[in-house]
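Peer 1: Protein sequence lines, in the order shown, are assigned to chains A and B. Heads up: take any position in the first sequence, counting from 1, add 103, and you land on this note's numbering. Heads up: take any position in the second sequence, counting from 1, add 103, and you land on this note's numbering. The C-beta atom is built at its ideal place from N, Cα and C for all residues, glycine as well.
Protein chains: 2
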Amino acid sequence: MKRTPPVRTRALRPGLRLGVDVGGTQVKLALVDQAGRVKAAGRVDTVRDPRVLTARIQNAVRSWGIKRCLGTGVGVAGDVDSQSGVVRISPNLGWKNVPLRERLASAGLPAPILVDNDANAAAWGAYFVELEGRPRNLVALTLGTGVGGGLVLDGKLYRGATGSAGELGHVAVDAGGEICGCGARGCLETFLGRDYLVRSMAGELVRLGRKVPPGLTPLEISRRARRGDPAARRVWEKAGRALGVGLAGFINIFNPDVVLLTGGIAGSARLLLRHAGPEIRRRAFATPRRAARLLVSAKNHDLGVIGAALLVE
Amino acid sequence: MKRTPPVRTRALRPGLRLGVDVGGTQVKLALVDQAGRVKAAGRVDTVRDPRVLTARIQNAVRSWGIKRCLGTGVGVAGDVDSQSGVVRISPNLGWKNVPLRERLASAGLPAPILVDNDANAAAWGAYFVELEGRPRNLVALTLGTGVGGGLVLDGKLYRGATGSAGELGHVAVDAGGEICGCGARGCLETFLGRDYLVRSMAGELVRLGRKVPPGLTPLEISRRARRGDPAARRVWEKAGRALGVGLAGFINIFNPDVVLLTGGIAGSARLLLRHAGPEIRRRAFATPRRAARLLVSAKNHDLGVIGAALLVE
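#1: Please go through the stretch 209-279 of chain A and give each complete beta strand (DSSP E) segment of 3 or more residues, from N-terminal end onward.
#2: In the DSSP output, what is B/Thr175 paired with across the bridge?
#3: Determine, using beta-carbon pairs with one atom in the stretch 404-412 of chain A and one in the stretch 109-127 of chain A, whether at least three such pairs fall under 8 Å.
#4: Please confirm whether A/Leu246 and A/Leu319 have their CB atoms less than 7 Å apart.
#5: B/Leu132 by DSSP, collapsed to three states: which one?
#6: Among A/Ile383, A/Gly178, A/Gly284 and A/Arg330, whose alpha-carbon lies nearest the alpha-carbon of B/Asp386?
#7: As an exercise, report each continuous alpha helix (DSSP H) stretch of at least 4 residues that is fully enclosed by the stretch 284-322 of chain A, in chain order.
#8: Within the chosen definition, does the stretch 200-218 of chain A reach the stretch 162-178 of chain A through at least 3 CB pairs nearer than 8 Å?
#9: Listing by chain order, which chain A residues have their CB less than 7 Å from the CB of B/Ile160?
#10: Hey, A/Ala311 and A/Ala334: beta-carbon distance below 7 Å or not?
#11: Anyone know if the C-beta pair for B/Val255 and B/Leu244 falls short of 7 Å?
#12: For a contact defined as C-beta to C-beta under 7 Å, what are the partners of A/Asp360 on chain E?
#13: Could you tell me which chain A residues have their CB closer than 7 Å to the CB of B/Val433, listed as they occur along the chain?
#14: What residue ranges within the stretch 359-403 of chain A form continuous alpha helix (DSSP H) runs of no fewer than 4 residues, ordered along the chain?
#15: Please compile the residues from chain A whose C-beta is within a distance smaller than 8 Å of the C-beta of B/Lys259.
#16: So, are the CB atoms of A/Thr293 and A/Gly306 less than 7 Å apart?
#17: For chain A, is any of its Cβ atoms less than 7 Å away from the one on B/Ala287?
#18: Reducing DSSP to helix, strand and coil, say where B/Asn200 ends up.
#19: Determine, using beta carbons only, whether A/Thr390 comes closer than 7 Å to chain B.
#20: Listed in chain order, which residues of the stretch 175-186 of chain B have Cβ atoms closer than 7 Å to some Cβ of chain A?
#21: Among the residues of its own chain, which have a CB less than 6 Å from the CB of A/Trp167, if the five just before and after it don't count?
#22: Give the C-beta separation of A/Phe357 and B/Ala268 to the nearest angstrom, bearing in mind that I take them to be a contact with Cβ-Cβ under 8 Å.
#23: Does DSSP put B/Gly145 in a helix, a strand or coil?
#24: Checking contacts by CB at 7 Å: is B/Ser193 closer than that to chain A?
#25: Three or more C-beta pairs closer than 8 Å, one from the stretch 179-199 of chain B and one from the stretch 328-344 of chain B: is that the case here?
#26: Rounded to whole angstroms, what's the CA-CA distance from B/Met304 to B/Gly343? Just pull it up for me.
#27: Have a look at A/Thr128 and A/Gly407 and give me their C-alpha separation to the nearest angstrom.
#28: Quick check: the Cα distance between B/Met104 and A/Thr157, rounded to an integer number of angstroms?
#29: At the level of alpha carbons, what is the spacing between B/Arg159 and B/Gly126?
#30: List the residues of chain B whose Cβ lies closer than 7 Å to the Cβ of A/Glu270, in chain order.
#31: Determine the chain B residues that contact A/Ser267 at a beta-carbon separation under 7 Å, and present them in chain order.
#32: Nearest chain A C-beta to B/Val348 closer than 7 Å, yes or no?
#33: Please name the residue, chosen from B/Leu234, B/Ala345 and B/Val147, that lies closest to B/Ala163 on a Cα-to-Cα basis.
#34: Leaving aside the five residues before and after A/His273 along the sequence, list all residues of the same chain whose C-beta is less than 6 Å from its C-beta, in chain order.
#35: May I ask you to report which of helix, strand or coil DSSP gives B/Ser49?
#36: Between B/Asn200 and chain A, is there a C-beta pair that is closer than 7 Å?
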């Protein structure tokens, strides 16, 4: 198969960047070099008040010699205006129109300060760490509490008109399906998001007349499936098929070089891909299907903070 | 709403290009200037033998003074390797691995000769003719016999790893739905493709115990819907809702500046959008939904051949 010629590895300026990954419970911090290597790391608890949060971050990185940094990159879960550095809405943080770049700048974090969606940052991190900046086109799907996405197209992070692109978890797989947290029905996330998997397992157990144990997690459902529990197997089958439908669509849309699954639930990729594979073969066109390499990176939990840092090119 | 700053209008080198749009029954030919204006036009009947077809094209443009042209751009329905100019597969033409660029070059058509998928060409044509090369991000959906797509992202035609990107008609709207010509189930095309609309109308008529008239067309179904025929209205309702589900997904994925509907069936856009609109409002995220302008261009049937010509930048 002849492909468009690969872009040579995207190399970034040598030097350190400060990465900040603002999550719902913790903020990850890292000093990252141009190859995505973590030179220092820390974390602070998340607080909703942006001023307090900024002070905590500043305090945590005080000893890192951040003066030498080429800049600061920040990933935030939510709708982020990457041009102005304003977090339009972050349901996790309870933020609305928070001028995060301004806040961090007045706290003296190294400029330029770039703020982006956390799934964009994670995709960008994966692009450098897992793929060494090499393929032209990457579709990254983050399977965690929700289902996020990030796109590197023609070697650049693709953000769309308002920095909101890449919401791959909110594409309908079954238009009449379950109601999603976003208000729509049958989004990919309703098959693969953490709570949906747990609820699906509870449903399967009830259907089989079995007790629903407390504290079910996707990890526990994986363990049970590997031990042969039919309810757990059925959960991954349904989720895997939906994943296959979604991935086939992304392959037909993007004709990517690489499709990357990241996030905690990507740890169950084998269980998922057993059922996703046949759907992809049935639904994706032959040429783009053969061109797309499917990779899984479940173990590197720092892609978000690394990618945030590398937003500073 | 703050947007990423608009790219200034993409201007192409002044001069004429030869455009060739190879369809299943006819080949459209045009001499096109840098603004997408057609300076000469012609057409020949399609034949499956690439040599005969090439000779016909050469003959038809003989009097146009094509020596001065900056190059030749070609759009072909099918899976096209735009790097090598080989048509990998075109079901409509019965072609498999036809080295079209080579053929056209040996017939003396102006170099460089660029070959691309016809929906890509149509999107590129629409980008210049309808939008004057102005928005950064365009999602173009061609509603005709099938449902095709083309993507202009960050101001460039997006082709993917093997030139196969933009198959927007083959994304599942209802994973368990009707079997599609592509072999999958419930693709957007199974709701909006010409034959599916006709079949849907026949189904509605049968359901109501009415006779199915011969020679139904989407245009006729539109006329009937406008006259209040409940069967016809139901056809456009189902199609419109599926279109809305699809467009909401594209808005969440691409965060486009413009979504453009082209092709013959876009002539029924009002009937479709009445039902697509509520689905889009329900399913697309607020920020990208507000940023996306929805445009319809049903009348310009030359976008394909113009866009093909403008592949020569």
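Peer 2: Inspection of the coordinates gives the following:
#1: 216-220, 241-246 and 250-256
#2: By DSSP's assignment, B/Thr175 forms a beta bridge with B/Leu121 and B/Ile216.
#3: yes
#4: no
#5: Looking at B/Leu132 - three-state DSSP - the assignment turns out to be strand.
#6: First, the residue type needs correcting, since residue 386 of chain B is Arg and not Asp in the sequence shown. The option with the nearest alpha carbon to B/Arg386 is A/Gly284.
#7: 292-295 and 297-310
#8: yes
#9: For B/Ile160, no chain A residue has a C-beta closer than 7 Å to its own C-beta; the minimum C-beta separation is roughly 25 Å.
#10: Contrary to the premise, residue 311 of chain A reads as Leu rather than Ala in this sequence. Yes, they are a contact pair.
#11: No, the pair does not count as a contact, with Cβ atoms beyond the cut-off.
#12: In the structure shown, chain E does not exist; the protein chains are A and B.
#13: Outside the shown range of chain B, which is 104 to 416, sits residue 433 of chain B, and nothing can be said about it.
#14: DSSP runs (the alpha helix (DSSP H)) wholly in the stretch 359-403 of chain A: 372-386 and 389-394.
#15: Asp257
#16: Inclusion of A/Thr293 and A/Gly306 in the CB contact set at 7 Å is not warranted, their separation being larger than that value.
#17: yes
#18: strand
#19: yes
#20: Taking 7 Å as the cut-off between beta carbons, the residues of the stretch 175-186 of chain B near chain A are Asp182, Asp184 and Gln186, in sequence order.
#21: Leu134 and Ala143
#22: 6 Å
#23: Correct three-state label for B/Gly145: strand.
#24: Taking a beta-carbon distance threshold of 7 Å, B/Ser193 does not count as an interface residue toward chain A.
#25: No, they do not touch.
#26: 14 Å
#27: 15 Å
#28: Confidence in B/Met104 is poor, its pLDDT being 45 and thus under 50, which makes the residue's placement unreliable; the coordinate value appears in the next sentence. Between B/Met104 and A/Thr157, the C-alpha separation is close to 26 Å.
#29: 14 Å
#30: Neighbours of A/Glu270 on chain B, chain order: Asn355, Ile356 and Phe388.
#31: Asn358, Phe388, Thr390 and Pro391
#32: yes
#33: B/Val147
#34: Cys285 and Cys290
#35: Here chain B has residues from 104 to 416 only, and residue 49 of chain B is not among them.
#36: no
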